[in-house]
Structure formats: structure tokens, C-alpha cells
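Colleague:
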Amino acid sequence: MISASKALSLLRRLLKRGGVSHAQWMLTRRCNYRCRGCNVWGDQEESELSTDEVFRGLDILRDLGVIEIVFSGGNPLLREDIGEILDYASERFITTVYDNGSLAVHKMDALRNVDFVAISLDTLDEKKNDYLKGVNGAWKAAMNAVEKLKAEGIPVGVSPTISQVNLYEIIDFTKYFADRNVPVWYCLYWYDYPFKDGMFSIGKRNSEYEIIDRKELARVCTAIMDLKRQYDNIYITDKALEAVKELALTGRRLWRCKALTDFLVVDHKGRVAGCHSREPVASIFELPAVWRSRRFKELRRKYSECTNCAYLCYIFYSLHAGLLGSLGIIKEQWRNMKHYVENVRSSSIPNRRS
Ligand code: SF4
Ligand code: SF4
């Protein structure tokens, strides 16, 4: 929950000029799933920062102006100290953590203070979901996690990755969860283009996932915008949907990439990059010293011209960069989040607007 002191601190950072607003931290490169569109499980690694090092890193991010942090991996809930990390982060940032649905029910105490738990789930078709995740029982585990967390009053939602595999189902999927007062937060399938020195390879090229029906993707964007008029729990802005729609129909980008300007990523070893598929440019502990350097200025310029990916989170942060961008997110999304948190903490009232 957002306390008054946290809200004040976030506001101060929001008004700070030259800071970075969003951070994604891949806390571990370990994972217990085998998703077909992901490179992580085939290339796992044990080495990770210690708890204290993560705390130090979080303080640095706060001082640089970060207001929102997303923990992913691998599966971040595999870390023994995840409860301590999430508690520490939740006092300082708007905090989201990802789970593939397998561990959240076993780590509920660790999740009590976060602002949002995103459970990855791609389809309502059990067999298809298990096939995509490479694990039998993944669908049941994810559905169970959503139900149990919600019953415990933990703000939980589902996070489908939109791809060719579920493109024609995504509207029904959204309605199913929105009708049950479960927020939906989308990802868009993409793969890491092959370039040397990328920091943290995630997106695996898989022709099954690549969206070939671009007109349908545009139609889905329009339909989601329409659904947002009916439901309070669809966590994407119209601006981001318009950008994806334009990209699908014309290939034109309505944004310039803000990697290392308004967002950055940190990996399991504490390395920092503009985005996960770019080269590491510093350790998190060096960040205060290099953030305003000429080298970083040049990197920002280079990334702003890059058109190599269309990961939805990066599109979103780029479109909503700076104070005005953050206010735009708050205007559209905060009301939804507040409404949801109030509902989930008190009851399970269906969330369709009257
Ligand atoms: S997509 Fe997530 S859950 Fe699936 S293998 Fe990759 S890191 Fe693990
Ligand atoms: S467009 Fe931005 S986020 Fe995507 S690969 Fe290039 S620098 Fe990274």
C-alpha cells in the first residue's frame, strides 16, 4: 500500500529533473519453467548479488529518482531473501514482482507489501498454456495463485504476452479476468535481436509467436481501448495501445526510445544497461558517478535512435517519459490501481462499470 510518507517521497522524485523514473531488475537468472519464447531457462546462472548489495542498489536507484520498480528474472521468487527485498523495495518504490504462477502461493508472506504481483498466464486454454510454459500443471498453478492471492488481499493480476499464439483469444481472456476484478497487464512478444554483448538475453525467436496478422493486432488494440471504457482493471494506456496499433499497421514508431534516460535495467549481477538486450554500461554501484557523464549522454543519444525492439514495457516507458509522461500514467492508471486495491482488500465485487 502507498503510505503518506512514501507518496511524498515519490512525488519529490517525480519532480526531480534529470532522474530516471522506471527500473526493471532481473534479480536472478534461475527459473523453474521452460517457456518456448524465452532464453533464460536454457542459460541459467547461480551467481547473484547478496541481500545487502540489493539493498544498496535500491538506495542508489531511489536517489537517482526511480519511482517504479519491476522485479523479474528468471523467477525472482526463487530467491530465499525475496521477502526482505520486496519489503525493502516496497517502502521506497511502486513495486511490482513477476511470478510464473508456481511460487506465489508458497511465498504469500513475502508478497504482502508489494503494490502488484503479476502472474504470467497467456491463455484460458489449459493445454495450450502448459505447452507454452513447457510445464504440465502451469495453467492450474497460475489460476490457483490468482485466486489465493486475491482471497488474501494481495494485489494480483495476470500478465499475458500477446503473440500470434493467443492473438484471437486476448479479448475474451481480458474480459474473463476483468469480469472477476483481476487486473490484466499485457506484454507483447518480441525477441532479442542478435547482437554481441547484450546484457541479459530473454526473448527467444520462435516463429510460433511472431505476429503475422498485424491487422488483427491493430483490431485487438482498438478492442482493448473499448474495454477500458467498461472496466477499471486494464493496466495499459490508450497512448501505448495507439502506438502498438500504428506500428502494426504502418511500421511507424510514435516514440523514441528512452533507454537510460527514463528507464534502465539491472541484472542478477548488479550490472546496468539501457535495456536488457543492450550492453552493460556500469555496475549499479558506479551509477551515481557515471549517470551525468558524457559517455552516458552519448549512449542515450544512440539508444534514442535505436529501433531494434518493440517490447511493450519499453514502448510504454518511452511514451510516458518525464514528468508529463508519469502524470499521464498516474491519471489513467492510478485510479484503476486504487479502485482495485480497495476492492481486493474488502470484497470481490465485479468490476464492470455501470
Ligand atoms: S518466461 Fe519467465 S517463467 Fe518462462 S522460462 Fe523465461 S524467465 Fe522462466
Ligand atoms: S529500441 Fe531501446 S529498448 Fe529496444 S533494443 Fe533499442 S535501445 Fe533497447
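Counted from 1, the sequence shown has number 33 at position 33 by the working numbering; the numbering is strictly sequential.
No residue lacks a Cβ here, since even glycine has one placed at the ideal position from N, Cα and C.
(1) Using a 10 Å radius around the Cβ and a threshold of 16 neighbouring Cβ atoms, would you call K228 buried or exposed?
(2) So, under 8 angstroms CB-CB, A310 and W190 are touching, yes? Tell me the CB distance rounded to an integer number of Å.
(3) If you follow the beta strand (DSSP E) that Q164 is in, where does it begin and where does it stop?
(4) Using the beta-carbon count (16 or more within 10 Å), is S106 buried or exposed?
(5) Examine ligand 1 and report whether any of its heavy atoms sits within less than 7 angstroms of the Cβ of Y33.
(6) Give the list of continuous alpha helix (DSSP H) stretches no shorter than 4 residues that lie fully inside the segment 131–205.
(7) Can you give the Cα-Cα distance for F316 and S47, rounded to whole angstroms?
(8) By Cβ distance below 6 angstroms, which residues in the same chain neighbour F263 in space, the five residues on each side in sequence not counted?
(9) Give the range of the alpha helix (DSSP H) segment to which E368 is assigned.
(10) Could you spell out the range, first to last residue, of the alpha helix (DSSP H) harbouring V290?
(11) Taking 7 angstroms as the cut-off, is the C-beta of K259 nearer than that to any heavy atom in ligand 2?
(12) How about L244 and L167: are their beta carbons less than 8 angstroms apart?
(13) Taking only three categories from DSSP, how would you classify Y317?
(14) What does a CB cutoff of less than 8 angstroms around L121 pick up in its chain, not counting 5 residues either side in sequence?
(15) Answer yes or no: do Y303 and R278 have a C-beta to C-beta separation smaller than 8 angstroms?
(16) With 16 as the cutoff for other CB atoms within 10 Å, does Y193 come out buried or exposed?
(17) Of all the options D232, T51 and A151, which has the alpha carbon lying nearest to the alpha carbon of G83?
(18) In whole angstroms, what is the alpha-carbon distance linking V20 and A104?
(19) Return the Cβ separation of L64 and L86 in integer angstroms, given the expectation that the two are a contact with Cβ distance under 8 angstroms.
(20) P155 and F116: beta carbons closer than 8 angstroms?
(21) Can you check the segment 2–67 for any beta strand (DSSP E) of at least 3 residues that lies completely inside it and give the ranges in chain order?
(22) Span of the alpha helix (DSSP H) holding F296?
(23) For I234, I'd like the list of residues in its chain whose CB is within less than 8 angstroms of its CB, leaving aside the five on either flank, ordered along the chain.
(24) May I ask you to check if the CB of K140 is nearer than 7 angstroms to at least one heavy atom of ligand 1?
(25) Can you give the Cα-Cα distance for L254 and E242, rounded to whole angstroms?
(26) Label E68 either buried or exposed according to how many other C-beta atoms from any shown protein chain fall within 10 Å of its C-beta, with 16 as the threshold for buried.
(27) Give me the Cα-Cα distance between R214 and D125, rounded to the nearest whole angstrom.
(28) Comparing the CB of Y303 with every heavy atom of ligand 2, is any distance shorter than 7 angstroms?
(29) From A218 to T237, what does the alpha carbon distance come to, in whole angstroms?
(30) For the putative contact between V114 and T95, defined by C-beta atoms under 8 angstroms, what is the C-beta separation to the nearest angstrom?
(31) Would you grab the beta carbon distance between D99 and F200 for me? Rounded to a whole angstrom, and I think it's under 8 angstroms.
(32) Am I right that H276 and I202 are in contact with their C-beta atoms under 8 angstroms? What's the rounded C-beta distance?
(33) Over what stretch of residues does the beta strand (DSSP E) that includes K94 continue unbroken?
(34) Rounded C-beta distance between A259 and Y176? I'm assuming under 8 angstroms.
(35) Please return the same chain residues whose Cβ sits closer than 6 angstroms to the Cβ of G74, not counting the five positions on each side in sequence.
Modeller: Answer, in terms of the structure:
(1) Translated into the one-based positions of the sequence shown, residue 228 becomes position 228. By the neighbour-count criterion, in which a residue is buried when 16 or more other Cβ atoms sit within 10 angstroms of its Cβ, K228 is buried.
(2) On the sequence shown, position 310 is the one that residue 310 refers to. On the sequence shown, position 190 is the one that residue 190 refers to. About 5 angstroms; that satisfies the 8 angstroms criterion.
(3) Here residue 164 corresponds to residue number 164 of the sequence shown, with the count starting at 1. Run containing Q164: none; DSSP gives neither H nor E here.
(4) Taking the first residue of the sequence shown as 1, we reach residue 106 at position 106. For the record, residue 106 in the displayed sequence is His; it is not Ser. Classification of H106: exposed, given that the 10 Å Cβ count is below 16.
(5) Here residue 33 is taken as the residue at index 33 of the sequence shown, counted from 1. At least one heavy atom of ligand 1 is nearer than 7 angstroms to the Cβ of Y33, so yes.
(6) 138–151 and 170–179, all fully within the segment 131–205.
(7) Looking up residue 316 in the sequence shown gives position 316. Looking up residue 47 in the sequence shown gives position 47. Taking the Cα positions, F316 is about 30 angstroms away from S47.
(8) By 1-based counting over the sequence shown, the position of residue 263 is 263. Hits under 6 angstroms: H22 and Y317.
(9) This structure gives no information on residue 368, because the portion of the chain shown stretches from 1 to 354.
(10) Counting from one through the sequence shown, the residue named residue 290 turns up at place 290. Per DSSP, V290 belongs to the alpha helix (DSSP H) from L287 to V290.
(11) Sequence index remark: in the sequence shown, residue 259 carries index 259 (1-based). Here the sequence assigns Ala to residue 259, which means Lys is not the residue at that position. Taken from the Cβ of A259, at least one heavy atom of ligand 2 lies inside 7 angstroms.
(12) Position 244 of the sequence shown holds residue 244. Position 167 of the sequence shown holds residue 167. What sits at residue 244 in the sequence shown is Val, not Leu. No, the Cβ-Cβ distance between V244 and L167 is not below 8 angstroms.
(13) Position 317 of the sequence shown holds residue 317. Three-state DSSP puts Y317 in a helix.
(14) Position 121 of the sequence shown holds residue 121. Cβ neighbours of L121 within its own chain (closer than 8 angstroms, five residues either side excluded): G101, N129, W139, A142, M143, V146, V158, S159 and P160.
(15) If you number the sequence shown from 1, residue 303 lands on position 303. If you number the sequence shown from 1, residue 278 lands on position 278. Taking 8 angstroms as the Cβ cut-off, Y303 and R278 qualify as a contacting pair.
(16) As a working note, residue 193 is residue 193 in the sequence shown. By the Cβ neighbour-count rule, Y193 is exposed, with fewer than 16 other Cβ atoms within 10 Å of its own.
(17) Your numbering for residue 83 matches position 83 in the sequence shown. Taking the Cα of G83 as reference, the smallest distance to any Cα among D232, T51 and A151 is reached at T51.
(18) What you label residue 20 is simply residue 20 of the sequence shown in a count that begins at 1. What you label residue 104 is simply residue 104 of the sequence shown in a count that begins at 1. Spanning the two alpha carbons is a distance of roughly 29 angstroms.
(19) Position 64 of the sequence shown, counted from the start, is the residue given in the question as residue 64. Position 86 of the sequence shown, counted from the start, is the residue given in the question as residue 86. Not quite, the Cβ-Cβ distance comes to about 20 angstroms (not below 8 angstroms), so this is no contact.
(20) Here residue 155 is taken as the residue at index 155 of the sequence shown, counted from 1. Here residue 116 is taken as the residue at index 116 of the sequence shown, counted from 1. Their beta carbons are under 8 angstroms apart, which means P155 touches F116 by this criterion.
(21) If we require 3 residues or more, the beta strand (DSSP E) runs fully inside the segment 2–67 come out as 22–26.
(22) Taking the sequence shown and counting its residues from 1, one reaches residue 296 at position 296. Run containing F296: R294 to S304, per the alpha helix (DSSP H) assignment.
(23) Start at 1 with the first residue of the sequence shown, and residue 234 comes out as number 234. Within the same chain, I234 has close Cβ partners T174, A178, P183, V184, I224, L227, K228 and N336.
(24) The count along the sequence shown starts at 1 and reaches residue 140 at position 140. Checking the Cβ of K140 against ligand 1 gives no.
(25) Here residue 254 corresponds to residue number 254 of the sequence shown, with the count starting at 1. Here residue 242 corresponds to residue number 242 of the sequence shown, with the count starting at 1. Rounded to the nearest whole angstrom, the CA to CA distance from L254 to E242 is 9 angstroms.
(26) Here residue 68 refers to the residue found at position 68 of the sequence shown. By the beta-carbon neighbour count (other beta carbons within 10 angstroms, threshold 16), E68 is buried.
(27) As a working mapping, residue 214 is identified with position 214 in the sequence shown. As a working mapping, residue 125 is identified with position 125 in the sequence shown. Each residue's alpha carbon lies about 23 angstroms from the other.
(28) Sequence index remark: in the sequence shown, residue 303 carries index 303 (1-based). Yes, the Cβ of Y303 comes within 7 angstroms of a heavy atom of ligand 2.
(29) Sequence index remark: in the sequence shown, residue 218 carries index 218 (1-based). Sequence index remark: in the sequence shown, residue 237 carries index 237 (1-based). Cα-Cα distance, rounded: 15 angstroms.
(30) For the purposes of this step, residue 114 is taken as the residue at position 114 of the sequence shown. For the purposes of this step, residue 95 is taken as the residue at position 95 of the sequence shown. With a beta-carbon spacing of about 5 angstroms, V114 and T95 fall inside the 8 angstroms limit used to define contacts.
(31) Mapped onto the sequence shown, residue 99 falls at position 99. Mapped onto the sequence shown, residue 200 falls at position 200. Wrong, their Cβ atoms sit about 18 angstroms apart, outside the cutoff.
(32) Residue mapping note: residue 276 aligns to position 276 of the sequence shown, counting from 1. Residue mapping note: residue 202 aligns to position 202 of the sequence shown, counting from 1. Indeed they touch by this definition, with Cβ atoms about 6 angstroms apart.
(33) Residue numbering aside, residue 94 sits at position 94 when the sequence shown is read from its first letter. Inspection of the sequence shows that residue 94 is occupied by Ile rather than by Lys. Run containing I94: I94 to D99, per the beta strand (DSSP E) assignment.
(34) Taking the first residue of the sequence shown as 1, we reach residue 259 at position 259. Taking the first residue of the sequence shown as 1, we reach residue 176 at position 176. Incorrect: roughly 34 angstroms between the Cβ atoms, too far for contact.
(35) Taking the first residue of the sequence shown as 1, we reach residue 74 at position 74. T28, R29, R30, C31 and V40.
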